[in-house]
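Be aware that the sequence shown starts at 211, since it is given in the working numbering, and climbs by one per residue.
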Amino acid sequence: MTDKVNLRLEQTFEELEEYERRGLFTGPEIKSIVSKRTHFEQLVARPDPKKTDYLRYIAYELNLHRLRRERVQKAKYYVPPPPTEEERAAKNAAKDKGAKQSASAYKFVKKQFRYLKNQRFMTKVGQARLASLFRRALRVFPEDIYLWQQYIASFQTWSPEVVQQVYVAAIRAHPTRPVFWLGAASWQYSVRTDVFSARSLFQRGLRLNPDSKHLWLEYFRMELHYVEKLRQRRVLAKSIADSTGLTADDDGDDKESDGEKDDTVADEQAFDLPRLPEEATVTDSAQPTLTTQIAFEEGAVPLIVYKNAVQAIPDDLDFRMGFVAIYKQFPYQIQGAKEVYRDLTTAFPTDPKALRCVAEEPLTFVYPDTVWYVRALAKTHRSLSQMLKQFPTTAMYLEAHTALAKALKHTLDNHALRSFIIQALHCWMQQVNDARDGSELLQTSDYSMAIAQWAMGYANIYRELKATALKSQISELEDAVPILKTALAIVEKTNRTVPQADEPWLIRVQLLKTLLVMESADPVADIDQAIHSQSRSAEFLAIYEQAVKRSDGSLTLWDEYIAFLTSQWELDVQALGLTIKGLQTQSTDAPTLPKLAAINTTVHDKFHALVKRAHLHPSSDSTNLKSLVEVEFVNWATKAGGLPYLRQVYQRLIKTSVPTASFYDRCIKLEKRYNRDEPAIISRLFERFVYVNPQSHQPWLGYLYFVYSQGDYERLAQVYWKAYRATQAKAILELGYKVLLDEKSSLVKSGGNA
């Protein structure tokens, strides 16, 4: 191994000497470079080298190469190296002979040429060293795709010849990896402007990877881009000919177009890959006819690519819609896009997503700020309405809503179009709400959720404008209240049809809150305050309770219910003229006590019912539900009556149920905050806390620290003995106990010294 390392280091001596001789690096820097290279060479020369060693070595050489290039660019003029002893002796001898030193331009140019020659030498040496490192790494890790890509990216701007060689090697090593075929073809087309080689690479890659969707789509994109580029060249040539009065030579233009090179150049730039046996050969004598040329200009080649792609991957709607998305980037390929739309209708006659895509065809190549957009939008609306009559399913209504909601984003500044789209959406919402089979249409929550979110988004816009008193803009907007009411009715049907879904319950409450604010006099009022002032708390609490009973047990739903319950309780307390701090210190006026007791009893009963429901809930998340309800219950009890009420609540919970570890942890923290004189109560809570999950070390450590803080060292040893027998993380427990003993010994020493 040492011989290998020394040999590779010796091969770099000439390069390092040139660096020092030219003044690019100083002597200490050269020593640092040698030290780093020695370290990395020893790492990669091991019998089992790691990939990270090669990557660090390559990263170091890349940074060194960039630093050398930067220092070369800073040297604008040639600075001759310091003369050697032989050169200095010859110079002195020439002076003795009376020779005249000249600084002619010829000598300066000669020195510059020698300098540039040396610079090219150093550049090639640096690149060759990087390439050698990559090749060595790939010999050890040939399956690493990232390493191949890093190799290509490093030489992308430095050496096209190396990039071509690396792509050839990568394709030969991984012929079933579409990423290399795609990268090689894209590089040939975009960098080398060689469409023939790029097309050949795409075709070969697709023969070996016919199921690669990305490769098909990128091949299709390249062909469309090439046709568009030729179209733009012909338009430019025609405009130049019209302005100069000359005749455009179509044949000559075709020959000089980008990528259309003669066979010799194409052969020189083509990748040297082995030919596949199934590849057909085309004779060079075949000349394109006029019909072929017209078909080519109209996008016949991309259509052929599309047809071959759907034959290879026949039943993938998203794949075909990818071709539609690419066509939208080329507005002059209308005929080809229509062909793809017709194919979608034939292949997927009942798929809602495909039908929506076909209905959006008139909007494909039309800009929203033109007159034609109005006609296209009307045509799209008619198509969607017919599809809804033919397929009145939830998925079809969702796709139709998606199509018009997307069009609405482009027409917010157009009052007429905006009104038309909103009325159409509202009409469809009413159809779903009024239909006899509306419950069957809402077997899933997707449509109702989309409708509700859109309705609330529109209502928020209306609310903001109303808050800023922009009457002129409000008059142009459609009233959001009917839309919200229709969306609310749809969501209520979804709650009856799919009661176990949590999101429709949440969105129903949000719709009610938004509708309440929209109908109130103050559009920027606090929602909870508005609910309390209008005495509608019971209505919302009933919805929450129904949701908790019938849903699957979402933490978000339960948390929102508890937050609403406590916020309304705080507003009730404020209405009595009381404060939370006053309740905790029990400084409450006697006249308000009966009302406060009634309010607290109601909230207490609701919390207790939630605890029972959480303990009996069948969901897999029942433990988290129990922890949430129990912790929030004791938090509320502390606010409502201070420490006495807290103890009353948690003692009852301990007697009537099996609380969670989070419950005991929260009770202990509250006792530590408010209890200063009764450590025995906290100790009893710890005794229960540690046996909820005796194998966990965290409760035991907390118990040990508490006993230590009380100064009961005999009790400390007993607790540690119990914890050591119960817990599994004995090492962590021993470490914590040792820290406590060290603190104890240090306290004893300091006390003795004092």
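The C-beta atom is built at its ideal place from N, Cα and C for all residues, glycine as well. Being a predicted model, the structure only gives us computed values, none of them experimental.
> Along the chain, which unbroken stretches of the beta strand (DSSP E) at least 3 residues long are found entirely within the stretch 717-778?
Replying inline: Segments of the beta strand (DSSP E) lying fully in the stretch 717-778: there are none.
>> Buried or exposed, going by whether 16 or more other CB atoms sit within 10 Å of the CB of Ile450?
In response: Answer is exposed; the Cβ neighbour count stays below 16.
>> Using C-beta distances below 6 angstroms, list every residue in its chain close to Arg566, excluding the 5 sequence neighbours before and after it, in chain order.
In response: Closer than 6 angstroms at the Cβ level, and outside the excluded window around Arg566, lie Glu609 and Ala613.
> Under the rule that 16 or more other beta-carbon atoms within 10 Å means buried, what is Asn273, buried or exposed?
Replying inline: That one is exposed.
>> By alpha-carbon positions, which one of Asn643, Gln641 and Leu698 ends up nearest to Met666?
In response: When the alpha-carbon of Met666 is set against those of Asn643, Gln641 and Leu698, the nearest one is in Leu698.
> Quick one: is Lys310 buried, meaning 16 or more other Cβ sit within 10 Å of its Cβ, or exposed?
Replying inline: Confidence at Lys310 is low in this model, with a pLDDT of 45, below 50, so the placement of that residue should be treated as unreliable; the coordinate-derived value is given next. Taking a 10 Å sphere around the C-beta of Lys310, we find fewer than 16 other C-beta atoms and assign the residue as exposed.
>> According to DSSP, is Glu888 part of a helix, a strand, or is it coil?
In response: Glu888: coil per DSSP, three-state reduction.
>> Output needed for Ile772: all residues of its chain with C-beta closer than 6 angstroms, excluding positions within five of it in sequence on either side, in chain order.
In response: Glu842.
> Is Trp972 helix, strand or coil when you go by DSSP?
Replying inline: Since the first residue shown for the chain is 211 and the last is 964, residue 972 is missing from the structure and cannot be characterised.
>> Which runs of the alpha helix (DSSP H) at least 4 residues long sit entirely within the stretch 230-288? Give them in chain order.
In response: Within the stretch 230-288, the complete alpha helix (DSSP H) segments at least 4 residues long are 237-254 and 261-284, listed from N- to C-terminus.
> Val844: which of Ser396, Val859, Lys695 and Arg339 sits nearest, CA to CA?
Replying inline: The shortest C-alpha separation from Val844 is found at Val859.
>> Quick check on this structure: which residue in Asn885, Phe899 and Arg883 has the alpha carbon closest to the alpha carbon of Asp875?
In response: Answer by Cα proximity: Phe899.
> Apart from the five residues just before and just after Lys882, which ones in its own chain have a Cβ nearer than 8 angstroms to its Cβ?
Replying inline: Apart from sequence neighbours up to five positions away, the residues of its chain that approach Lys882 with a beta-carbon distance below 8 angstroms are Ile892, ordered along the chain.
> At which residue ranges does the stretch 907-958 contain complete alpha helix (DSSP H) runs of 4 or more residues, listed in the order of the chain?
Replying inline: You should have 907-919 and 923-936.
> With C-beta atoms as the reference, is Tyr657 less than 8 angstroms away from Ala690?
Replying inline: The beta carbons of Tyr657 and Ala690 sit no closer together than 8 angstroms.
> Rounded to the nearest angstrom, how far is the Cβ of Ala394 from that of Leu411, given a contact under 8 angstroms?
Replying inline: Rounded to the nearest angstrom, the Cβ distance from Ala394 to Leu411 is 5 angstroms, consistent with a contact under 8 angstroms.
> Quick one: Cα of Arg339 to Cα of Pro370, how far?
Replying inline: Between the C-alpha atoms of Arg339 and Pro370 there is a straight-line separation of about 16 angstroms.
> Which value, in whole angstroms, describes the spacing of the CA atoms of Tyr516 and Asp553?
Replying inline: As the crow flies, the alpha-carbon of Tyr516 is around 10 angstroms from that of Asp553.
> Nearest to Val821 by CA position, among Leu253, Asn670, Thr870 and Glu438, is which residue?
Replying inline: Taking the Cα of Val821 as reference, the smallest distance to any Cα among Leu253, Asn670, Thr870 and Glu438 is reached at Thr870.
> Below 8 angstroms, can you find three or more Cβ-Cβ pairs linking the stretch 914-929 to the stretch 941-954?
Replying inline: Result yes; three or more Cβ-Cβ pairs closer than 8 angstroms.
> If you draw a straight line from the C-alpha of Phe533 to the C-alpha of Val550, how long is it?
Replying inline: When rounded, the distance between both Cα atoms is 8 angstroms.
>> By the three-class DSSP mapping on this structure, what secondary structure does Asn518 have?
In response: Looking at Asn518 - three-state DSSP - the assignment turns out to be helix.
> Between Thr866 and Gln905, is the Cβ-Cβ spacing less than 8 angstroms?
Replying inline: At the C-beta level, Thr866 and Gln905 stay beyond 8 angstroms of one another.
>> So, with DSSP's three-state summary, where would you put Leu348?
In response: Helix, per DSSP.
> Which residues in the same chain as Arg485 place their Cβ atom closer than 8 angstroms to its Cβ, once the five residues preceding and following it in sequence are excluded?
Replying inline: Interpretation of Arg485 is limited by its pLDDT of 49, a score under 50 that renders its predicted location unreliable; the figure taken from the coordinates is listed afterwards. Here the set comprises nothing.
> Thinking C-beta only, is Leu618 closer than 8 angstroms to Met606?
Replying inline: Not closer than 8 angstroms, so no.
> Are the C-beta of Val917 and some C-beta of chain C separated by less than 8 angstroms?
Replying inline: As a matter of chain content, chain C is missing from the structure shown, which is built from one protein chain.
> What residue range is occupied by the uninterrupted alpha helix (DSSP H) comprising Ser867?
Replying inline: For Ser867, there is no enclosing alpha helix (DSSP H), since its DSSP letter is neither H nor E.
> Distance, Cα to Cα, Thr776 vs Ala850?
Replying inline: So the alpha carbons of these two residues sit roughly 10 angstroms apart.
> What three-state label does DSSP hand Arg402 in the structure shown?
Replying inline: Residue state, collapsed to three classes: coil.
> Out of curiosity, what's the CA-to-CA distance linking Tyr537 and Leu440?
Replying inline: C-alpha separation (whole angstroms): 17 angstroms.
> What's the call for Val727, buried or exposed, on a 16-neighbour Cβ count within 10 Å?
Replying inline: Val727 is buried by the Cβ-count criterion.
> When DSSP labels each residue in this structure, what does Ile362 get in the three-state scheme?
Replying inline: DSSP places Ile362 in the helix class (H, G or I) of the three-state scheme.
> Does the Cβ-Cβ distance between Gln543 and Leu434 come in under 8 angstroms?
Replying inline: Against a cut-off of 8 angstroms, the Cβ pair of Leu434 and Gln543 comes out as a contact.
>> Let me confirm a value: Ser245 is counted as buried when at least 16 other C-beta atoms fall within 10 Å, else exposed. Which label applies?
In response: Sixteen is the threshold: since fewer than 16 other Cβ atoms of the shown chains lie within 10 Å of the Cβ of Ser245, the residue is exposed.
> Which stretch, first to last residue, makes up the alpha helix (DSSP H) that contains Glu570?
Replying inline: Looking at the DSSP string, Glu570 is not in any alpha helix (DSSP H), and its letter there is neither H nor E.
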